[in-house]
Amino acid sequence: MLSINMDDVMNVITSIKSYLIAIGIIIAVAVVLMIAVMKLNKPLKKLIRGTALVAMLTGIVVCVNMICSGPMSTMLDLVSGSGTISKETSDESTVLAQDIAREGIVLLENEGNTLPVASGSKLNVFGWASTNPILGGAGSGALNDAYETIDLLQSLADAGIETNKDLTKFYTDYKADRPVVGMWNQDWTLPEPNVSLYTDDLMANAKSFSDTAMIVISRSGGEGADLPTNMNAVIDGSYKDGTTYTAGTYDDTLNAGNDWDAGDHYLQLTNREEEMIDLVCANFDKVILVYNGANAFELGFINDHPQIKSALWVAGMGHVGMEALGEIVTGEVNPSGKTIDTYVYNMKETPWWNNFGDFNYTNMDEFAYTSTGFTGVESTAYVSFINYVEGIYVGYKFYETADAEGLIDYDKMVQYPFGYGLSYTSFEQTMGDITEADGQISFDVTVTNTGSVAGKDVVEVYYNPPYTNGGIEKATANLIEFEKTDLLEPGASQTFNISFALEDIASYDYQNAKGYVLEAGDYVISINKDSHTILDSKTYTVGSEVVYNGSNNRNSDMVTATNAFDYAEGDVTYLSRKDGFANYAKATAAPSNYEMSAAAKADFYNISNYLTPEATAADEDPNAAAVTTGAATNLKLADLRDVAKDDPKWDELLDSMSLDDMNALISLGGYQTNSVDSIGKVRTNDCDGPASINNNFTGVGSLGFPVGVTVAATFNKALAYEFGQSIGKMADEMDVSGWYAPAMNIHRTAFAGRNFEYYSEDGVLSGIIASNACQGSWSQGVYAYMKHFALNDQEENRCDMLCTWANEQAIREIYLRPFEMCVKRTPILAVMSSFNYIGNRWAGGSASLLKTVLRDEWGFNGFVLTDYFGVYGYMSSDQAIRNGTDCMLVNYPTATNNVQFRDTNGAQQAMRDATKNILYTVVQSRAYAPENLTMGMASWKKLMIVLDVIFGALMVCLMAIFIKNYKKNKAADTSAQA
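Using my numbering, read the sequence shown as starting at 2 and increasing by one per residue.
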């Protein structure tokens, strides 16, 4: 949910400063005048003072009117919004949320069929987190307080399981509430009673209550901070492992003893948790583990405790999704979820470990920017960097390839592969012969339930391309498609026709061909149980190499893709498969150079050096034609609904607009698109967030669905579509046209704070889930803002001029892939760009990203919005519109959201293009459906007019009273003198 940024407060005050000064002058003049007339006769003195009072009040009201209708108008528009969600729609979303949860919980272990347990059983639930489970995230992914939640213990009770209330009371007495990991202040404390507090009576009663125990471990995360990689640094506020923490963000006095050993991180057990698990396993032979967290966790301790027979991954379930846990525990629902990340035994052995966190340049101090930000505490942002050294070898693509090359012992490194998940039944999958026609690969897959209970299964399709040592980098396992079965009864089968484009298994060669290449050779197409376990495979042979260059573009591209991000490669050694990952140690070492190169620094911009005529002109088309403004027309925006974007009517409409009209749209796009009276453009509402739809200004919001990783873990395209469709339906009832979601950055590491709302470590899974969600919302006329575009894969320094260095192959194959799929599969979209720099260029000011790739190659026809705008020292609408961004996410005037350099043809053409992109998207949306379109005045303006009329009448009456009294008193004085 929205938080108050102190810089925003100061900027708002600055924007109305002249009016406040005027009010001060008016009051001062009135006071001086009242004092100056002290020696006049009493009737005249009262008249002058009364007149001064009326004038003062009138002047103040005029200034307030000017503030409201000027700099504050868009904010008042937001606050005065309307719309509510009907009970029927909310009830439908509740059912859908629980369906997503039922398919998004993953069964990791089930030795001896310990699960399910019968309804009516008793269960000891251990772990403080059992009383305070994680249900959502922080920031834009937070849950709306208007809805009741279903917690873990209630879920078990609803499923007919009686839990040990003595244990529950023990935990709630210890600490009733969960320390908050919020957007701006994080408390990483993990309450867990010392084992010495478990009395003999408590344990004896537990053993007599039930012979089965459940242990709950939870971890939270959220927008604004990554999960700590060094818990000692959190406790003492020291600087270690590249990350700074504020002292006091962990209460090490809550739990007795040291919670953490040297070098421990947040995604492993605390000492208190280890002791609790030892205690439980010493007293119970049947133990069920529930991991309640979105980020992949080190779960190797399961292997050390044979008593832990079953394990479930239960990420944030939203308001009501936790109900599914009890249903799965009792077997009413058969689990069918799959892991969306790889679970490793030791995070420190991953290829990204040394290159994640906070790395500041030592030669960029002149670009530092000081602000008060959201906390109200002054801080300075420096230019920092992150090196994506692993290249394309992200997540399972690394582990599977490293295993094939003999670099790692897979079984010792990987506990649960990507795409892994158990069931209460068994399945068999068989693969038909591969055919190719018109560039499409096709084959059938038949899934049969060979077990004794009904269940669902996932068909996971991977490809292993031919690799030449030292050639184009390629992973041995690459997800390309998946399908989810219906609920299959024992013995029942379902057949899928799997189809994907041959061009989609081409690799990007950024060094030689500088484009996509489908190399000749054998491509092994397989159906897998998970990324590591092949069930069946066939070989498709490409007879001769296909290079997608020149005029031979991929069918899905508008123009041929070629290198656009050479500048982002940087001075980085990237991991290579060559000679069995011979450069692994060198490539994955911690950064040794903390200086930006001279060449990169020469092209680095923030507002300190960009806002000049020379810098802005360099980003303009020097051959741009003159732009027509203010021309006469009878067209209004509503006339262009369903009109093609290249229709001449668009030019006629745009010719009629002024530059100020255009700037109004461009500069003020925070949680809305602005109104433009001259063309009948109505204001529209946009809202957060990734698992719900929440209007931060009116307080109206929807039920929160399970978090993004849970949606992805369903591997169910239909559920993803229904999720987006439900969001769209609720948004429509709330009079909301734009949805700030879905978020689809990559889980490059397990520690990224927003992994809960980003779908996966895999771009294809992310892209398929996200594109279905986008299509679902658009079915209701609500355009999704796919975000954060792009390479915004960590929270640390995300809005502090963070330079992300990556090679073009990784950028295209890993990080842009889900966005590309959304653009190519969804009719209308918007984009929210990202805070970070790609290489040395702000993402919102990168023409390579927003013009060359997004529009020219992919054919994007919507509009691009910045991430939250204006208080970080590098965002400006001048740079944004010249490089492909169209709208600024801010709703008050700042120093840089208005287009300042407008005099050239290139600048005016950029404003016109941005305007057209916004208008084209909005007019196709639900806002311009005939049943929704209202052209009337905003309600607050109507109220202001009414109040002004009443005020005016009161002032006239008051002035009449003053005059009447003056005449009466003057007449009385005259009579007295006579």
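Yeah, the Cβ is synthetic: ideal placement off N, Cα and C, and Gly gets one too.
Straight through space, the alpha carbons of residue 874 and residue 608 are spaced by roughly 6 Å.
Taking a contact to require three or more Cβ pairs closer than 8 Å, the stretch 857-875 and the stretch 573-588 do not qualify as touching. Here residue 516 is not near residue 569, since their CB atoms are 8 Å or more apart.
In terms of Cα proximity to residue 901, the closest of 804, 817, 877 is 877.
Taking C-beta atoms as the reference points, residue 628 and residue 913 count as a pair closer than 8 Å.
The bridge partners DSSP lists for residue 522 are 543. Residue 842 sits in a strand when the DSSP states are folded into three classes.
Every beta strand (DSSP E) of 3 residues or more that sits fully in the stretch 787-864 is shown, in chain order, as 803-806, 831-834. One alpha carbon belongs to residue 955, the other to residue 87, and they sit about 42 Å apart. For the set 672, 648, 681, the Cα lying nearest the Cα of residue 662 is the one of 681. For residue 327, same chain residues with a beta-carbon under 6 Å away, outside a window of 5 residues either side, are 156, 157, 159, 160 in chain order.
One thing to note: residue 321 has its Cβ no nearer than 8 Å to the Cβ of residue 830. Rounded to whole angstroms, the separation of the alpha carbons of residue 742 and residue 779 is 12 Å. Taking 8 Å as the upper bound for CB-CB distance, residue 388 and residue 806 are in contact here, some 5 Å apart.
Rounded to whole angstroms, the separation of the alpha carbons of residue 518 and residue 510 is 7 Å.
With a contact defined as Cβ atoms closer than 8 Å, residue 734 and residue 90 qualify at about 6 Å. Scanning the stretch 56-122 from its first residue to its last, the whole beta strand (DSSP E) runs of 3-plus residues come out as 107-111. Looking at the backbone, the Cα of residue 491 and that of residue 422 are separated by about 19 Å. When the five nearest sequence neighbours on each side are left out, the beta carbons in the same chain lying within less than 6 Å of the beta carbon of residue 31 are those of 53, 57, in order along the chain. Residues of the same chain with a CB within less than 7 Å of the CB of residue 351, apart from the 5 flanking positions on each side, are 345 in chain order. DSSP places residue 651 within a helical segment (H, G or I) once states are collapsed to three. Here the stretch 483-501 makes contact with the stretch 443-458; the two share three or more CB pairs at distances below 8 Å.
If you check the CB distance, residue 220 and residue 294 come in under 8 Å. By DSSP's assignment, residue 480 forms a beta bridge with 463.
Per DSSP, the continuous beta strand (DSSP E) segment holding residue 437 begins and ends at 436-438. Residue 263 is positioned such that its CB atom lies closer than 8 Å to that of residue 233.
Residue environment analysis places residue 39 among the exposed positions, since fewer than 16 neighbouring C-beta atoms fall within 10 angstroms of its C-beta. If you draw a straight line from the Cα of residue 394 to the Cα of residue 596, it comes to about 26 Å. For residue 432, the uninterrupted beta strand (DSSP E) run begins and ends at 428-432, by DSSP.
The continuous stretches of beta strand (DSSP E) do not include residue 334, and DSSP gives it neither H nor E.
The stretch 680-694 makes no contact with the stretch 272-289; the number of CB pairs closer than 8 Å stays below 3. Going by DSSP, residue 219 is part of the beta strand (DSSP E) stretching over 213-219. By the Cβ rule, the stretch 818-825 does not count as touching the stretch 882-895, because fewer than three pairs are nearer than 8 Å. Take the alpha-carbon of residue 792 and the one of residue 281: they are about 43 Å apart. Ranked by Cα distance from residue 542, the first of 588, 496, 464 is 464. Among the bridge pairs identified by DSSP, residue 890 is matched with 869.
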